[in-house]
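Numbering (this note's numbering), first residue to last: 9 to 343. Each residue gets a CB set at the ideal place from its N, CA and C atoms; glycine is no exception. Predicted model, so just to flag it, every value in this text is computed and none were measured.
Here is the structure:
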């Protein structure tokens with residue numbers, strides 16, 4: 009018998025959240041999907057899920073910034089996987105106030121409701137961006153936190169709120185810290201979909217920002233399996249646990265690998281609009297995933313150079329499907 013029966017996923021309409029909902033349903037969990045309210049009654053990426061998924065879940069439309077709606081959504085749930093957040097770094101330069109409201113206040117709403125409802129487990133989603141440029145590699149969970157963008161600062165604040173509730177009230181919180189997740193359905197504001205959609209549109213001149221920074225890209229299937237492992241593990245409570253591939257690659261070499269997979273010849277051109285402010289650019293990210301392996305017995309299926317290539321291949325297949333590609337505007341920079 010499962011320890012947790014009813015699971016709430018916030019941000020269920022998003023890239024990672026929709027994959028996580030599908031995975032939880034496949035494992036037999038009873039899932040309530042918290043999606044952003046809108047007048048179109050859109051469930052985001054969950055609208056693309058199979059009918060078996062949509063019939064299996066309970067959808068709750070609301071706003072993570074509303075404490076009353078959040079508490080209602082959490083009522084009757086044994087565990088909460090909290091992914092709802094604003095995540096686009098460029099937009100955080102434009103509208104930082106919304107990031108404080110959504111990421112910090114939204115997390116506070118989850119934690120406060122969990123305390124009042126005696127929810128058995130909260131998994132809060134962090135990000136590798138909280139580290140800023142790596143001071144050493146591979147990065148461990150003990151690395152210092154540096155807010156190099158309003159987005160990362162808001163996520164540091166949210167992480168610290170989660171830790172504070174655990175230490176102050178014994179709230180059963182675990183923090184998962186994914187590195188750069190990629191895969192089908194990812195927003196075009198992220199670099200891998202940006203490259204794929206430009207090539208798929210027939211462009212050989214690919215517009216990017218800085219290409220020398222490195223990232224640790226993690227395929228979405230690995231990320232969602234990490235979420236479930238953190239949720240199911242008692243040892244994860246009170247801990248920050250990184251989920252990453254332990255493989256470092258530059259943006260430029262990522263673009264070249266994608267071009268190889270797509271059998272394309274490309275020229276990379278710098279677009280000033282895509283550059284971060286100089287002191288805000290995170291130059292290097294590389295995950296030490298040994299804690300996840302030790303505490304959760306988790307490891308990436310798509311690790312290393314060959315694993316990354318396979319993840320890229322799967323991502324390209326999805327994006328180059330005409331119905332999927334038609335949902336993206338490759339000619340417009342998505343802030």
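It is roughly 36 angstroms from the alpha-carbon of residue 297 to the alpha-carbon of residue 331.
Scanning its chain for C-beta atoms nearer than 8 angstroms, with the 5 sequence neighbours on each side dropped, one finds around residue 270 the residues 204, 207, 208, 324 and 328, in chain order.
One alpha carbon belongs to residue 334, the other to residue 55, and they sit about 15 angstroms apart. Under the DSSP assignment, residue 188 falls in the beta strand (DSSP E) whose first and last residues are 188-190. Between residue 230 and residue 189, the alpha-carbon positions lie close to 9 angstroms from each other. Between residue 235 and residue 35, the gap from beta carbon to beta carbon reaches 8 angstroms or more. Look at the beta carbons and you see the stretch 131-150 touching the stretch 173-189: at least three pairs across the two are nearer than 8 angstroms.
In the DSSP assignment, residue 77 falls outside any beta strand (DSSP E) and within the unbroken alpha helix (DSSP H) covering 75-82. A direct Cα-Cα distance of roughly 6 angstroms separates residue 162 from residue 108.
Here residue 238 has 131, 182, 184, 244, 249 and 304 as same chain residues with Cβ atoms under 7 angstroms from its own Cβ, once five neighbours each way along the sequence are excluded. The way I'd put it, the stretch 141-155 doesn't touch the stretch 89-104; fewer than three beta-carbon pairs between them come closer than 8 angstroms.
53 is the residue among 53, 31, 33 and 90 whose C-alpha sits nearest the C-alpha of residue 193. Listed in chain order, the beta strand (DSSP E) runs fully inside the stretch 252-296 are 275-278, counting runs of at least 3 residues. 260 is the residue among 110, 260, 24 and 62 whose C-alpha sits nearest the C-alpha of residue 202. According to DSSP, residue 245 shares a beta bridge with no other residue. Straight-line measurement puts the Cα of residue 134 at about 15 angstroms from the Cα of residue 294. Here residue 206 carries a helix assignment [DSSP, helix/strand/coil]. Only exposed fits residue 287, as fewer than 16 other CB atoms lie within 10 angstroms of its CB.
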